[in-house]
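To convert, count from 1 in the sequence shown and add 15; that's the working numbering.
Report on the following structure.
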Amino acid sequence: MESSKSLAAWQKSQQFIPGGVNSPVRNFSKVGGHPRFIERGEGSKIYDIDGNEYIDYVASWGPLVLGHAHPSVIEAIRSTALNGTSFGAPTPRETELAEIIVNAVPSIERVRLVNSGTEATMSAIRVARGYTGRDKILKIDSCYHGHVDYLLAKAGSGVATFGLSDSGGVPEDFARNTLTAPFNNPDAIREAIEANPDEIACLILEPIMGNMGVIPPREGYLNQLREITEEHGIVLIFDEVITGFRVAYGGAQSYYNVTPDMTCLGKIIGGGLPVGAYGGKRDIMRCVAPEGDVYQAGTLSGNPLAVTAGIATLKKLTEPGVYERLESRAAALAEGLAAATQKHGIDAWHSRVGSMLMLYFTPETVTDADGARTADTERFQQYFWGLIERGIYVAPSQFEAGFVSLVHSEEDINNTVEAATQVLANL
Ligand SMILES: *Cc1c(COP(=O)(O)O)cnc(C)c1O
Numbered sequence: 016m017e018s019s020k021s022l023a024a025w026q027k028s029q030q031f032i033p034g035g036v037n038s039p040v041r042n043f044s045k046v047g048g049h050p051r052f053i054e055r056g057e058g059s060k061i062y063d064i065d066g067n068e069y070i071d072y073v074a075s076w077g078p079l080v081l082g083h084a085h086p087s088v089i090e091a092i093r094s095t096a097l098n099g100t101s102f103g104a105p106t107p108r109e110t111e112l113a114e115i116i117v118n119a120v121p122s123i124e125r126v127r128l129v130n131s132g133t134e135a136t137m138s139a140i141r142v143a144r145g146y147t148g149r150d151k152i153l154k155i156d157s158c159y160h161g162h163v164d165y166l167l168a169k170a171g172s173g174v175a176t177f178g179l180s181d182s183g184g185v186p187e188d189f190a191r192n193t194l195t196a197p198f199n200n201p202d203a204i205r206e207a208i209e210a211n212p213d214e215i216a217c218l219i220l221e222p223i224m225g226n227m228g229v230i231p232p233r234e235g236y237l238n239q240l241r242e243i244t245e246e247h248g249i250v251l252i253f254d255e256v257i258t259g260f261r262v263a264y265g266g267a268q269s270y271y272n273v274t275p276d277m278t279c280l281g282k283i284i285g286g287g288l289p290v291g292a293y294g295g296k297r298d299i300m301r302c303v304a305p306e307g308d309v310y311q312a313g314t315l316s317g318n319p320l321a322v323t324a325g326i327a328t329l330k331k332l333t334e335p336g337v338y339e340r341l342e343s344r345a346a347a348l349a350e351g352l353a354a355a356t357q358k359h360g361i362d363a364w365h366s367r368v369g370s371m372l373m374l375y376f377t378p379e380t381v382t383d384a385d386g387a388r389t390a391d392t393e394r395f396q397q398y399f400w401g402l403i404e405r406g407i408y409v410a411p412s413q414f415e416a417g418f419v420s421l422v423h424s425e426e427d428i429n430n431t432v433e434a435a436t437q438v439l440a441n442l
């Protein structure tokens, strides 16, 4: 496969940008070789600058549930841009997006729009601390919540892939108030709380882990967390930056019917433009300035383009049969891959919730980050390149979720299964 233009583009980008990329996992360093530079996307496909076509399962790391360059989203962005891109004053469309979110997500009564998932989690935690008057926070091993200093302790794929237990540049003092516990283990949460009585402001987690592959919660786990946190006056925060509007219109909280106190959103609600949001119960969100004393602001927060792209995306997701279609296409893909690994006697754990899926090369059952870490990353590397050669683009890491979009056709899925079966036969 020709990739000399991508190679040249990468050599040039490294002269100006650290690692040649603006977010670490875009660099292919953990699978070897060089990243593909993308020229354009349309529907389920992306095209690199050497002219290669790929069926895309990265979807910009989650936001593009409608696929690339969806006509409604592009038209919304185009017509909005003609009237100006930012005012630093409120616009009615911000209220429109907020209303859609409040009506969709059970835990959210008030919501503040920000520019990224990182800002959403950082701000939600500040609010939880302001609300409770407590300093410590509890997070789950390998849940990723963006690159907030004190959240980079045991922080998921990017960090796991790069083999860092923590990030440089984060003073020990900053992480001192961050406690961590393994996923799917309510006893560990109970122990952490009992060891720090009346000191923990919040428990933050991804209700479905999506940054260590895909790890669903065990039955009853989220309910148990709901009970424990309520008992101790701890704010329960679901980071639904990936899962919001993906596993169900109301996110994982409506999928599993567990209502947290606060929720962080991002990715899909911006339709491919930079956005984030955090919200929750009325009496908690009352703490946010200017109503309350917890400061949080943003020059471009709620900017017209991101908000418009988000509204256009979320409106499409209210059409009947949308989540059923995502479910059936993703199920067909997962079943095809499972049949292929079985046929060729390859140790694999297939994990899927709705349109999020992962194939781990391990004989283990993956229920937490330690389980995920048993995966054979060298085998993943061979699998990854086999797929790229056959025009299938998946994330360049064993620990990043794959995403099926509404535009993946049955033909796309069949072609993907066929390609993957060929690759697996040669592993
Ligand atoms: C992507 C992600 C974030 C960070 O969002 P950015 O927009 O990249 O800052 C936070 N939490 C989760 C669960 C994510 O997947």
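Positions of the beta carbon are idealized from the N, C-alpha and C atoms, including for glycine.
Counting only unbroken stretches of 3 or more residues, the beta strand (DSSP E) elements lying wholly within the region 324–385 are 364–368 and 371–375, in sequence order.
Residues G285, L288, P289 and V290 of the same chain have their beta carbon placed closer than 7 Å to that of A321, with the five preceding and five following residues left out of the count.
Distances from the CA of H423 to each of P305, A168, P105 and A347 were compared; the closest alpha carbon is that of A347.
Listed as beta-bridge partners of G259 by DSSP are A263. Secondary structure at F102: coil, using DSSP grouped into helix, strand and coil.
Using a Cβ-Cβ distance cut-off of 8 Å, the region 269–286 and the region 198–216 are not in contact, since fewer than three pairs of beta carbons, one from each stretch, lie closer than that value. Straight across, the Cα-Cα distance linking N430 with R301 is about 51 Å.
At least one heavy atom of ligand 1 sits closer than 7 Å to the Cβ of D254. Secondary-structure assignment with DSSP links M277 through a beta bridge to I252 and G295.
For D427, the uninterrupted alpha helix (DSSP H) segment begins and ends at E425 to A440. As the crow flies, the alpha-carbon of T110 is around 17 Å from that of V303. Across the set Y72, R51, P39 and A168, the C-alpha of R51 shows the shortest separation from the C-alpha of D65. Collapsing the DSSP output to three states places A216 in a strand. Scanning its chain for C-beta atoms nearer than 7 Å, with the 5 sequence neighbours on each side dropped, one finds around T136 the residues H160, G161, V163, L166, I219, D254 and C279, in chain order. Placement of the Cβ of H423 at a distance of 7 Å or more from every heavy atom of ligand 1 is found. When secondary structure is reduced to three states using DSSP, E57 falls in the strand class.
Cβ atoms of V80 and T377 stay farther apart than 8 Å, at about 28 Å. By the C-beta density criterion, M16 is exposed, having fewer than 16 other C-beta atoms within 10 angstroms. With a threshold of 7 Å, the Cβ atom of T244 does not count as near ligand 1, since no heavy atom of the ligand is closer than that.
Excluding the 5 residues flanking it on each side, G35 has same chain C-beta neighbours closer than 7 Å at W25, S28, Q29 and N42, in chain order. Using a Cβ-Cβ distance cut-off of 8 Å, the region 235–250 and the region 95–108 are not in contact, since fewer than three pairs of beta carbons, one from each stretch, lie closer than that value. Within 10 angstroms of the beta-carbon of S21 lie 16 or more other beta-carbons, which makes it buried. In this model, H49 and S18 are separated by some 9 Å (Cα to Cα).
In this structure, ligand 1 has no non-hydrogen atom nearer than 7 Å to the beta-carbon of T380. Sixteen is the threshold: since fewer than 16 other Cβ atoms of the shown chains lie within 10 Å of the Cβ of R55, the residue is exposed.
Residue side-chain check: I257 places its Cβ nearer than 7 Å to a non-hydrogen atom of ligand 1. Relative to V129, the option among P319, K296, L315 and N238 whose CA is nearest is L315. If you keep only unbroken alpha helix (DSSP H) runs of at least 4 residues inside the region 108–148, you get 132–147. The continuous beta strand (DSSP E) containing K154 extends over residues K151 to I155. Nearest in C-alpha terms to R144, of all of L251, R233, V229 and A324, is L251. Taking the Cβ of Y72 as the reference point, every heavy atom of ligand 1 lies at 7 Å or farther away.
L112 is positioned such that its CB atom lies no closer than 8 Å to that of I283. Contact annotation: the region 332–350 does not touch the region 191–199, with fewer than three C-beta pairs closer than 8 Å. Between the C-alpha atoms of W76 and F418 there is a straight-line separation of about 8 Å.
In this model, R127 and Y293 are separated by some 6 Å (Cα to Cα).
When F260, T389, N226 and N318 are compared, the shortest CA-CA separation from L421 is found for F260.
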